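Here is the structure we will look at.
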Amino acid sequence: MSDVAMDGAEQRGAASAGAKALPAAAASAWLPGPVTRALEWFGNLGIFFWRVVRAGATPPYEWREFLRQLDEVGAKSLSLVAMAGAAIGVVVALEARYSLAHFGAKSLFPATLVYSVVQIMGPIITGLVVSGRVGAGIGAELASMSVTEQIDAIEVSAVNPYRLLAAPRILACIVMLPLLTLAADASALVMGWATQAMVEPLSFHQFINNGFYGATLNAFLPPTFKTAVYGLIIGSIACFHGMRTRGGAEGVGRAATNSVVLGSLFVILADVVLVKFILAVFP
Amino acid sequence: MTAPIAERDLKKSEVESPAAVAIDQVHQSFGEHCVLDGVTLKVKRGETLAVLGRSGTGKSVLLRIVIGLQNPDAGTIRIQGQDLNGLTMDQMGEIRKRMGFLFQHAALYDSLTVEDNVAFPLLHHRREMSAAERRDRVHSLLTEVGIQGNLSKMPSDLSGGMQKRVGLARALALDPEILLLDEPTAGLDPIGSGEIDDLILKLKKERHMSSIVVTHDMHSAKTIADRLALLDKGHVVIEGTFDDLKQSDNEFVGLFLKQS
Chain A
1 MSDVAMDGAE QRGAASAGAK ALPAAAASAW LPGPVTRALE WFGNLGIFFW RVVRAGATPP
61 YEWREFLRQL DEVGAKSLSL VAMAGAAIGV VVALEARYSL AHFGAKSLFP ATLVYSVVQI
121 MGPIITGLVV SGRVGAGIGA ELASMSVTEQ IDAIEVSAVN PYRLLAAPRI LACIVMLPLL
181 TLAADASALV MGWATQAMVE PLSFHQFINN GFYGATLNAF LPPTFKTAVY GLIIGSIACF
241 HGMRTRGGAE GVGRAATNSV VLGSLFVILA DVVLVKFILA VFP
Chain B
1 MTAPIAERDL KKSEVESPAA VAIDQVHQSF GEHCVLDGVT LKVKRGETLA VLGRSGTGKS
61 VLLRIVIGLQ NPDAGTIRIQ GQDLNGLTMD QMGEIRKRMG FLFQHAALYD SLTVEDNVAF
121 PLLHHRREMS AAERRDRVHS LLTEVGIQGN LSKMPSDLSG GMQKRVGLAR ALALDPEILL
181 LDEPTAGLDP IGSGEIDDLI LKLKKERHMS SIVVTHDMHS AKTIADRLAL LDKGHVVIEG
241 TFDDLKQSDN EFVGLFLKQS
């Protein structure tokens, strides 16, 4: 079979693509099983992602599905993300107040809270909450469609499932994560201020002025927009696991679990890399 | 004036292979288990071929290979002379617009109503249609398969027979030239099976489509098919009319007919 033919053959059969796209190579003879499986997983994820990019970048564009997913991923996660942000704001405020008082640096409370929330806690908490809610939702929904042959039905209707199902979900995650992070940050800062204001008088205006004093956009925009990468990870892993699911209800459960666990794990790992990258590029 | 190359090739291939579907030496294995071992079949234009065999003999796999949901280990599939080998998903999509597929369990979209299920292919491939035209077309398709007044129901609210009818309406939405039916009467009571058979016969007469029907229901196959092919252990044991099967002295054919 020619290269083109191989490429074409691998293009078809969305549901079976992940499972059959990259069989274990001869290298598996000398590599330990888990390593081979991990390499296979990354290889298949790469192939899957390339297909999504290729399908999503060419018309017809699925705008209607994209808008629906913006609502699913964004609007429906807003309250959860805001609540998580609020809780983090309270916790950071309580911890920071006692620590700063211990070192005699109570005046740094606003800046400590703002920087802790916006640069560290807000993005990662948003990533993990969305990974739990959206990752499980996408994984289970697509897995259920896969085991009931609905993805096959989409394909035989001459509609590309990578274009219709995966691309809008992944893109919606990429777009909505930074916006949800802003919501989490805002919620955390308001609740952090309220926690402090209940103990000592501190106007919100003064809190914001002190907290953002001398801050540049470089200090706040990169940590917020790095969550677009989290969105890419969460959406891609959930769609990948969902669309290649086999094995009935058990398979659906496994896809949902894998979507959340691996999505969360890779969000945390990506954070390590992105923090280093941001510190290097935006010192 | 010389015809364009693609047109010339198509005409040449039509002359050489007039078959609507040509399956040539298709092999498919799952691990050590060989399901299809050099299966060769042809379906002429306007003809209905029933593929019979015991459960697990690869009948449904063969149908999935024909529609391009699965790639065979070896062998070629030609749809109206066009080889499926090497086509991308979008190229395959162009061929699939000329084909309809009824899944064994209907595979209706469970989050869409009956109306939206049938409208799905129209929404994606007849974008020039207005909403009113689309609705009219859906009503006409559902009437054709004997469903009226269930448009806003969800698939889970329908019986198995009704789901198959809706699946059939969806498969017919783009006016396919080739129809593939995977166990259309499986899981239905005898009356329901008879109704589906009558429906398939009616569609065959009115639309002159080529069809492949995968079934283990000999009575249904005898009713709707022009020719039958019996699969066993990955091979086509016999191919011909029902009378050819009856006259065969093959032991497996005799046993299959006796037990059906």
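Line by line, the protein sequences give chains A and B.
Just so it is clear: in the first sequence, position 139 is 139 by my numbering, and no numbers are missing.
Just so it is clear: in the second sequence, position 235 is 235 by my numbering, and no numbers are missing.
Even glycine gets a Cβ: it sits at the ideal position worked out from N, Cα and C.
Since we're looking at a predicted model, the values are computed, not measured.
Query, Result
"By the criterion of Cβ-Cβ separation under 8 Å, what are the contact partners of B:Lys97 in chain A?", "Ala158"
"Under DSSP, the beta strand (DSSP E) around B:Gln126 begins and ends at which residues?", "Sequence inspection shows Arg at residue 126 of chain B; the Gln mentioned does not correspond to that position. Counting along the chain, B:Arg126 falls outside any beta strand (DSSP E), and DSSP gives it neither H nor E."
"Suppose you measure from the CA of A:Gly74 to the CA of A:Leu179; what does that come to, to the nearest Å?", "8 Å"
"Starting from the Cα of B:Lys153, find the closest Cα among B:Arg98, B:Val43, B:Ser111 and give me that residue.", "B:Ser111"
"What's the gap between the Cα of B:Val213 and the Cα of B:Ser55?", "15 Å"
"Which residues in chain A have a C-beta closer than 7 Å to the C-beta of B:Ala107? List them in chain order.", "Thr148, Glu149, Gln150, Asp152, Ala153"
"Short check: CB of B:Leu180 to CB of B:Val61, under 8 Å?", "no"
"Can you check whether the C-beta of B:Gly93 is within less than 8 Å of a C-beta belonging to chain A?", "yes"
"Between the Cα of A:Arg163 and those of A:Ala82, A:Ile208, A:His205, A:Met243, spot the shortest distance and give me the residue it belongs to.", "A:Met243"
"Could you spell out the range, first to last residue, of the beta strand (DSSP E) harbouring B:Phe30?", "19-30"
"For A:Pro223, which residues in the same chain have their Cβ closer than 7 Å to its Cβ, ignoring the five residues on either side in sequence?", "Val118, Gln119, Pro123, Ile278"
"Please compile the residues from chain A whose C-beta is within a distance smaller than 9 Å of the C-beta of B:Ile77.", "Going along chain A, no residue has its Cβ under 9 Å from B:Ile77, so there is no contact; the nearest lies around 11 Å."
"Does the beta-carbon distance from A:Val252 to A:Ala143 come in below 8 Å?", "yes"
"Using C-beta distances below 6 Å, list every residue in its chain close to B:Gln70, excluding the 5 sequence neighbours before and after it, in chain order.", "Arg64"
"Quick check on B:Ile196 - is its C-beta less than 8 Å from some C-beta in chain A?", "no"
"Nearest to A:Ile53 by CA position, among A:Arg133, A:Gly192, A:Pro161, A:Phe212, is which residue?", "Here residue 53 of chain A turns out to be Val, not Ile, going by the sequence shown. Measuring from the Cα of A:Val53, the nearest candidate turns out to be A:Pro161."
"Buried or exposed for B:Ala132, going by 16 or more other Cβ atoms inside 10 Å?", "exposed"
"Skipping 5 residues on each side, what residues in its chain have a beta carbon closer than 7 Å to that of B:Val43?", "Ala19, Ala20, Val21, Leu49, Ser210, Ile212"
"For B:Gly81, which of B:Ile23, B:Val236, B:Gly187 has the nearest alpha-carbon?", "B:Ile23"
"Run through chain A and tell me which residues come within less than 9 Å of B:Ile147, C-beta to C-beta.", "Those do not exist, as B:Ile147 stays about 18 Å from chain A at its closest Cβ, beyond 9 Å."
"Less than 8 Å between CB atoms is the rule here; does B:Glu252 satisfy it with respect to chain A?", "The sequence given here has Phe at residue 252 of chain B, not Glu. Closer than 8 Å: no."
"Closer than 8 Å, CB to CB, is B:Arg212 near chain A or not?", "The identity of residue 212 of chain B in the sequence shown is Ile, whereas the question assumes Arg. By this cut-off, B:Ile212 is not an interface position."
"Reducing DSSP to helix, strand and coil, say where B:Asp249 ends up.", "coil"
"Applying the criterion that 16 or more other CB atoms from any shown protein chain within 10 Å of the CB defines a buried residue, is A:Ala21 buried or exposed?", "Low per-residue confidence applies at A:Ala21: pLDDT is 48, beneath 50, and the placement is therefore not dependable enough to give any value."
"Leaving aside the five residues before and after A:Ala86 along the sequence, list all residues of the same chain whose C-beta is less than 8 Å from its C-beta, in chain order.", "Ser187, Ala188, Val190, Met191"
"Under a Cβ-count criterion, where at least 16 other Cβ atoms within 10 Å of its own Cβ denotes burial, should A:Ala215 be classed as buried or exposed?", "exposed"
"Whole angstroms are fine: how far does the CA of A:Val199 sit from the CA of A:Arg111?", "The identity of residue 111 of chain A in the sequence shown is Ala, whereas the question assumes Arg. Taking the straight line joining both Cα atoms gives about 18 Å."
"Between A:Asp152 and B:Ala106, what straight-line distance do the alpha-carbon atoms span, to the nearest angstrom?", "11 Å"
"Along the alpha helix (DSSP H) that carries B:Asp90, what are the first and last residues, could you check?", "89-96"
"Does the segment 84-97 of chain B touch the segment 134-150 of chain A, meaning 3 or more C-beta pairs lie closer than 8 Å?", "no"
"Going along the chain, which residues of its own chain have a beta-carbon closer than 6 Å to the beta-carbon of A:Leu217, five neighbours each way excluded?", "none"
"Would the segment 230-244 of chain A and the segment 30-49 of chain A be scored as touching if the rule is three or more Cβ pairs under 8 Å?", "yes"
"Put B:Ile147 into one of helix, strand or coil per three-state DSSP.", "coil"
"Whether or not the segment 184-194 of chain B and the segment 25-36 of chain B are in contact is what I'm after, with contact meaning three or more pairs of Cβ atoms, one per stretch, closer than 8 Å; do they touch?", "no"
"Measuring straight from C-alpha to C-alpha, what distance separates A:Phe225 and B:Asp37?", "54 Å"
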